[in-house]
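Asker: What the sequence shown shows, in the numbering used here, is residues 47 to 653, in sequence order.
In this text, a Cβ means the ideal position worked out from N, Cα and C, and glycines have one as well.
Please read these numbers as outputs of a predicted model, since none were measured by experiment.
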Amino acid sequence: MVFNEERFWAREKARRARKAEKEEDLTDLIERKAEEAEYQAAEQDLKAAEEKRRKEKWAARREKAKGAWGTAKRAGGKVRRTTVAVAGAGAGLMTGLVVRGRAPKPKQPKGPTIKDRSGGKTPGSLKLLFWIAVILHVLYALFAPAQSPNFIFYAALIVYVPFTLIAILVLTRLEGFQPRNVYWCVGGSIFYICVPFFMNLFPNLPLFGSLTLLDLVGFFIVLFPFWPVFLAAKGEMPVLTVYVIGWFIFLLGLIFFQAGFEIGPAGLMGITQVSPEVPSAGEAFNFLAEEVRDIGEKIINAVTGFSEEVAERTGINYYTGMIDDNEEEPVGLYLENVRLVDRYAYEGYPVVIWADIRGKSFTDEINVMPTCYIDKKGYGEPEPKSFTILGEEHNTLSCTFYDLEKGHYYAKTSATFNFETWAYVTYTLVDIETKRALELQGKNVNYELDVEPLPKSVFTNGPVMLGMSSMVDQPIGIDVNYNTREPVLGVTIDNLWTHGKIERVDEFIIMVPDEFKLVNCDRWRQESGEQEVEREPSSSEDGIDIYSFKREELGDPRFTFQSVTCRLRINDPQALLSNAQKVQRTFVARVKYVYKLERGVGVNVRE
């Protein structure tokens with residue numbers, strides 16, 4: 047092959063030309079990329095500059111509008127426009143705003159708060175002012191209710207006028223002169239000084255029920271104090287949040303506990319024995335103190351009755367019942383509407399408390415013994431000293447206390463009376479072989495024989511529950527041939543009403559058909575301390591054997607429930623059944639007792 051030098055150099059020249067062309071294209075590409083980057087950077091700078099100019103322009107317009115609004119406001123005029131057009135240039139965009147009619151009030155920009163001016167911390171002067179306000183408010187709530195209107199006015203005037211001036215000076219030093227601060231401070235102090243004064247001139251101006259206007263104003267002054275809340279809000283103190291949450295939890299708990307304790311065991315069984323009444327409202331501080339006191343007493347009673355709840359849940363020696371719904375009206379004694387004759391009492395004058403009593407006897411006459419007691423002093427004089435109720439009657443009792451010194455007291459009015467409660471339960475009995483035969487056939491014994499699965503006890507209305515329902519499966523199978531089965535019969539005595547207690551039990555009896563014997567009662571004890579297996583009935587009447595229990599055998603019902611658990615021994619099972627498919631027998635219990643009702647009311651004694 048002959049080397050062609052001319053062709054070689056022609057090809058080399060063409061290759062070099064192509065390479066130079068590619069290098070030129072790459073250089074052009076790099077230059078274009080650099081130009082694009084410079085263009086984008088310039089465009090971003092332009093947009094940033096335009097955005098900055100737009101913000102400055104809007105800020106200037108806001109300041110101008112703010113100044114115009116302030117000038118118009120001070121002059122007492124009103125700013126009106128028919129059309130407002132606002133245009134802003136930025137990246138070729140325009141925003142138009144046209145408002146027809148009245149122009150809206152321009153929003154004032156929120157300035158730095160006191161906390162911001164102080165480097166994120168509440169100034170010490172504001173904290174000191176806050177705690178002084180808290181102390182003044184507590185003293186106001188404690189002592190003002192027991193004072194005369196003139197004393198309240200002048201004392202509040204002497205205290206809150208200097209405090210208002212100091213508060214205005216402190217706030218002016220911290221954030222400059224602000225008219226709204228002056229309005230708030232002066233208005234709050236006027237409320238503290240003047241409103242209670244005028245309300246005390248008309249203390250019995252009613253709103254609804256027994257609630258008066260003074261009650262409502264005093265309640266809100268004490269519960270929602272203006273000065274502590276205002277100063278805490280100005281200083282952005284965390285204590286404000288704690289205060290609001292704390293009061294919410296406290297009031298919620300107060301409502302919860304009161305509702306829970308007022309329902310009590312009677313409410314749980316669907317019993318509504320006490321008619322609703324509007325509570326007498328007093329000053330908020332005293333009202334809350336009395337409510338806390340009442341809840342504390344109920345919590346103590348609930349703790350002492352904890353064993354009762356455990357026993358009821360586990361079914362151990364606690365027997366329940368239902369109120370007899372055949373009674374048209376509840377029976378017993380009811381102490382209601384405990385109140386003061388006058389809203390305020392004064393030193394050197396007797397304090398008189400009134401209470402309404404309504405009662406309805408069951409069988410025996412009710413003998414009522416009123417008493418009254420006031421803390422820090424002692425007993426008062428009730429009138430009448432005693433009275434009786436036969437049938438349905440209404441009465442009013444009064445209680446007088448003498449020589450009370452200035453201050454706040456808590457008076458309790460009580461009525462002690464005798465009463466009785468009856469209860470019964472019906473057992474259904476069948477031959478054990480009949481029961482087993484039905485079960486072997488896969489049949490439901492209760493459905494086939496139309497028998498309730500558990501016995502139901504019913505007791506008469508009143509302050510005490512006499513329960514006889516036990517966890518006994520019905521129908522009760524009895525052994526006709528060997529008589530080895532002895533069903534349980536139990537009775538529980540328990541207090542129902544939340545505003546009273548059992549003072550003592552005078553008589554407790556269980557009545558059993560003479561086809562049975564009451565045996566192995568857990569309350570029967572011999573002199574040696576061993577359990578007494580069998581005891582003869584105290585008396586018999588019309589085929590009913592009556593078994594009596596001594597007071598010392600029952601224990602003390604003042605603190606918790608008392609139960610009696612016995613066995614029923616069938617004298618002759620065959621004679622009892624008499625070839626019947628099922629038989630029913632009813633067992634009855636009765637308790638006679640002395641019960642004490644108690645209600646309280648707060649008393650303010652002034653000079």
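#1: When DSSP labels each residue in this structure, what does N492 get in the three-state scheme?
#2: Based on DSSP bridge pairs, tell me the residues matched to S503.
#3: Give the straight-line distance between the Cα atoms of R550 and T606, rounded to the nearest whole angstrom.
#4: Does DSSP put W400 in a helix, a strand or coil?
#5: Touching or not, the stretch 619-632 and the stretch 589-600, by the rule of three or more beta carbon pairs under 8 angstroms?
#6: Who are the near neighbours of K458 in its chain, counting only those whose CB is closer than 6 angstroms to its CB and skipping five residues on each side?
#7: Under 8 angstroms, with one C-beta from each stretch per pair, do the stretch 561-569 and the stretch 612-620 reach the 3-pair mark?
#8: By the 10 Å Cβ neighbour count, where 16 or more other Cβ atoms means buried, how is P603 classified, buried or exposed?
#9: I believe A469 touches S503 by the beta-carbon criterion, under 8 angstroms. Please report the beta-carbon distance rounded to the nearest angstrom.
#10: Based on the DSSP output, what are the partners of L379 in its beta bridges?
#11: What separation, rounded to the nearest whole angstrom, lies between the Cα atoms of R62 and E89?
#12: Go ahead and pull the three-state DSSP assignment for V275.
#13: Taking DSSP as the reference, what is the three-state secondary structure of S235?
#14: Count the other CB atoms, across all protein chains shown, that sit within 10 Å of the CB of H454; report buried if there are 16 or more and exposed otherwise.
#15: Give me, in chain order, the residues of the same chain whose beta-carbon lies closer than 7 angstroms to that of T318; leave out the 5 immediate sequence neighbours on both sides.
#16: Mind checking whether M514 and V537 have CB atoms under 8 angstroms apart?
#17: Between Y206 and R226, what straight-line distance do the alpha-carbon atoms span, to the nearest angstrom?
#18: Given that a residue counts as buried once 16 or more other Cβ atoms are within 10 Å of its Cβ, and exposed if not, what is E498?
#19: Rounded to whole angstroms, what is the Cα-Cα separation between L172 and L277?
#20: M283 and F447 look like a contact to me (Cβ under 8 angstroms); what is the Cβ gap, rounded to whole Å?
#21: What number of angstroms, rounded off, separates the C-alpha of A401 from the C-alpha of L386?
#22: Over the uninterrupted beta strand (DSSP E) stretch that includes K481, give me the two end residues.
#23: Between T462 and M511, is the Cβ-Cβ spacing less than 8 angstroms?
#24: In its own chain, which residues sit with a C-beta less than 7 angstroms from the C-beta of R219, not counting the 5 before and 5 after it?
#25: Please state whether DSSP places V518 in a helix, a strand or coil.
#26: Comparing C-alpha positions only, which one of G508, V534, A213 and N527 sits nearest to Q520?
#27: Throw me the rounded Cβ distance for the I522 and Y473 pair, which I believe falls under 8 angstroms.
#28: Rounded to the nearest angstrom, what separates Y365 and I435 at their Cα positions?
#29: Considering only C-alpha positions, which residue in the set W570, F209, P583 and V398 is nearest to L5?
#30: Kindly list the residues whose CB is nearer than 6 angstroms to the CB of K638, restricted to its own chain and excluding five residues on each side of it in sequence; keep chain order.
#31: Could you say which of E598, M557, D568 and D91 lies nearest to S585 if we only look at CA atoms?
#32: Our contact map puts F272 next to F237 with C-beta atoms below 8 angstroms; I'd like the distance itself, whole angstroms only.
#33: Determine which residues share a DSSP beta bridge with M557 and list them.
#34: Should E411 be flagged as near chain B, meaning a C-beta pair shorter than 8 angstroms?
#35: Just to confirm before moving on: does the CB-CB distance between D477 and L623 stay below 8 angstroms?
#36: Are there any heavy atoms of the ligand HEM lying less than 7 angstroms away from the beta-carbon of A60, as far as the coordinates show?
Answerer: With the structure as the only source:
#1: helix
#2: V471
#3: 12 angstroms
#4: strand
#5: no
#6: Y419, E644 and G646
#7: yes
#8: buried
#9: 6 angstroms
#10: G405
#11: 40 angstroms
#12: helix
#13: helix
#14: buried
#15: Its pLDDT being 39, under 50, T318 is placed unreliably in this model, and the coordinates cannot settle the point.
#16: yes
#17: 18 angstroms
#18: exposed
#19: 7 angstroms
#20: Contact flag wrong, Cβ pair sits at about 44 angstroms.
#21: 9 angstroms
#22: Where K481 is concerned, there is no enclosing beta strand (DSSP E), although the alpha helix (DSSP H) it sits in stretches over I478 to L486.
#23: no
#24: none
#25: coil
#26: V534
#27: 6 angstroms
#28: 31 angstroms
#29: The chain is shown only over 47 to 653; residue 5 falls outside these bounds and no answer can be derived.
#30: E466, D552 and E553
#31: M557
#32: 6 angstroms
#33: I592 and V634
#34: Looking for chain B here will not work: only one protein chain is present.
#35: yes
#36: What this structure holds is no ligand at all, so the ligand HEM is not there to describe.
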